[in-house]
Structure formats: C-alpha cells, structure tokens
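All remarks here apply to the structure that follows.
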Amino acid sequence: KAGVTQTPRYLIKTRGQQVTLSCSPISGHRSVSWYQQTPGQGLQFLFEYFSETQRNKGNFPGRFSGRQFSNSRSEMNVSTLELGDSALYLCASSQGSGSGANVLTFGAGSRLTVL
Amino acid sequence: AQSVTQPDIHITVSEGASLELRCNYSYGATPYLFWYVQSPGQGLQLLLKYFSGDTLVQGIKGFEAEFKRSQSSFNLRKPSVHWSDAAEYFCAANDYKLSFGAGTTVTVRA
C-alpha cells in the first residue's frame, strides 16, 4: 500500500511569490491534515480537510489556504510568500477525521525555502 | 490552554543504555496520546499510541510508553538503545486536532 506522497519535495521561491504543494493520501483515507514545521515554532497545525470540507483550521493568516478534491488529494497554497514561510510542510492522512483516535500517517514533507 | 510539553530538548545516551523521554500533557480530559519519531529529512513515523485500557503500551522498534493519569504523563522508554535510534521524538495529543510537543533530539554515542 503506497504511503502519503507529497510533491514537490524541495522548492525555492522568492518573497512575494506564491506556492502550491500537493498531497496524495493513502488509498481509502478521506482526511488530510497539513502541518508546518520550523526550528523556532515546531510542528504547527495548519488545517484539516475531510471529504472535501475544511473541518479545522489552525492559527495562520489567510495567505495559507487549502483544498481537497473528490479523490481525497489535497493541495495547500501560500500566497505572497514571506521569509518566515520557509519550513517543512507535512501532510498527513487518516481514514476517519484527523481528530480523536484516528491515527495520522505522515508524508516525507515538502521543504520550502523562501529567498 | 491545551498543551503538550517535552521537558528535554536534547538527550545523549550510549549505545546499549536505556532511554526515557518525558512527556506531559495539559488537557481538560485525557486526550488520545501518541509518540512519533522523525529522522533527518524525513516525515514522522508513528511509534505507538494510547487510547484507553492498559497503561503500558508497546510500539515498534522496541519502544514502550507508560500512561500515568495522576501525573498527566506519557513517557517513552527503550531498554537498550541502538545507534539507529538517533532521531527527534515527538509526543502528541489529539482531541479535535493532533498537537505536538517541541520534540526531543536523541543522540546515540558509541
């Protein structure tokens, strides 16, 4: 069974640009959650999508957005990039929603560098 | 506010020695608890989880964790560390979303 696939694995952008990251969940998983990981702030929850609906959202500005498609694949977009957006972006999928007893399986992440 | 605390930022252990990583949580009700491990440049891998029942849970790679409600703790242990256990370890709790502690980096010396 294929794991969670994130693309691209590495990317470099400049300030003011926008970026779109993609996440393909494990087959049969309907929930996708996104996390930002930085050395200073650690792992922070961005948002969760379940059956194409955003269920939960973390404390990030509106520049961070996401969506989920009917096949459960998800994308997240960051507009007007800032230097502080440089981070490892992790996607996780689960069969049920991302809350409670559901186990999240993580992808390898997308490493974004903003210059 | 709900939180997960890992008091130790960095731990160094000798290969073959035992390892214990501490985790405390602050939630209104006992959340679902997890330990994940992250090797450099990789995503997070689930080591074990606690939902209810037996307070000592076994995980992969020889790890175990003990849940203590009275101390709001969920400490991770391994009796004998291997060099391949060098990584960053994250304790996490889930009520409506999975929240992580700051992580503990484990260095294994020969």
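Taken in sequence, the protein lines are chains H and W. First residue of the first sequence: -14, per our numbering; consecutive thereafter. First residue of the second sequence: 135, per our numbering; consecutive thereafter. Positions of the beta carbon are idealized from the N, C-alpha and C atoms, including for glycine. Given the structure is predicted, the values throughout are model-derived calculations rather than measurements.
Rounded to whole angstroms, what's the CA-CA distance from C157 (chain W) to K42 (chain H)? Just pull it up for me.
The alpha-carbon atoms of C157 (chain W) and K42 (chain H) are separated by roughly 25 angstroms.
What's the gap between the Cα of L75 (chain H) and the Cα of R203 (chain W)?
Using only the alpha carbons, I get a separation of about 30 angstroms.
Determine, using beta carbons only, whether E37 (chain H) and S55 (chain H) come nearer to each other than 8 angstroms.
Yes. Within cutoff.
Count the CB pairs spanning the stretch 172 to 186 of chain W and the stretch 83 to 96 of chain H that are closer than 8 angstroms, and state whether there are at least three.
Yes, the stretch 172 to 186 of chain W touches the stretch 83 to 96 of chain H.
Thinking F30 (chain H) and Y20 (chain H) are a contact (beta carbons under 8 angstroms), I'd like their distance in whole angstroms, please.
F30 (chain H) to Y20 (chain H), Cβ: 6 angstroms. Contact.
Within the chosen definition, does the stretch -11 to 6 of chain H reach the stretch 196 to 211 of chain W through at least 3 CB pairs nearer than 8 angstroms?
They do not touch, by the three-pair rule.
What did DSSP end up calling G1 (chain H) once you bin it into helix, strand or coil?
If DSSP states are grouped into helix, strand and coil, G1 (chain H) belongs with coil.
When Cβ atoms are compared, which residues of the stretch 147 to 177 of chain W fall closer than 9 angstroms to chain H?
Residues passing the 9 angstroms Cβ filter: P165, Y166, F168, Y170, Q172, G175, Q176, G177.
Taking Cβ positions only, does N44 (chain H) come closer than 8 angstroms to chain W?
Taking Cβ atoms only, chain W never reaches closer than 8 angstroms to N44 (chain H), which makes this a no.
Specify, as a first and last residue, the run of the beta strand (DSSP E) that F185 (chain W) falls within.
It is not in any beta strand (DSSP E) - F185 (chain W) carries neither H nor E in the DSSP assignment.
Counting Cβ pairs, one atom from each stretch, are 3 or more of them under 8 angstroms apart for the stretch 50 to 65 of chain H and the stretch 144 to 156 of chain W?
The answer is no - the stretch 144 to 156 of chain W does not touch the stretch 50 to 65 of chain H, with fewer than three Cβ pairs under 8 angstroms.
Flag S137 (chain W) as yes if its beta-carbon sits less than 8 angstroms from any beta-carbon of chain H, otherwise no.
So no, S137 (chain W) is outside the interface.
So with CB distances below 7 angstroms, who are the chain W contacts of A93 (chain H)?
Q176, G177, listed in chain order.
Please list the segments of the beta strand (DSSP E) lying wholly inside the stretch 30 to 62 of chain H, counting only runs of 3 or more residues, in order along the chain.
Runs found: 38 to 42, 49 to 53.
Which of helix, strand or coil does DSSP assign to I145 (chain W)?
I145 (chain W): strand per DSSP, three-state reduction.
Once the 5 residues before and after Q192 (chain W) are set aside, which same chain residues still bring their CB inside 8 angstroms of it?
The answer, listed in chain order, is L182, E198.
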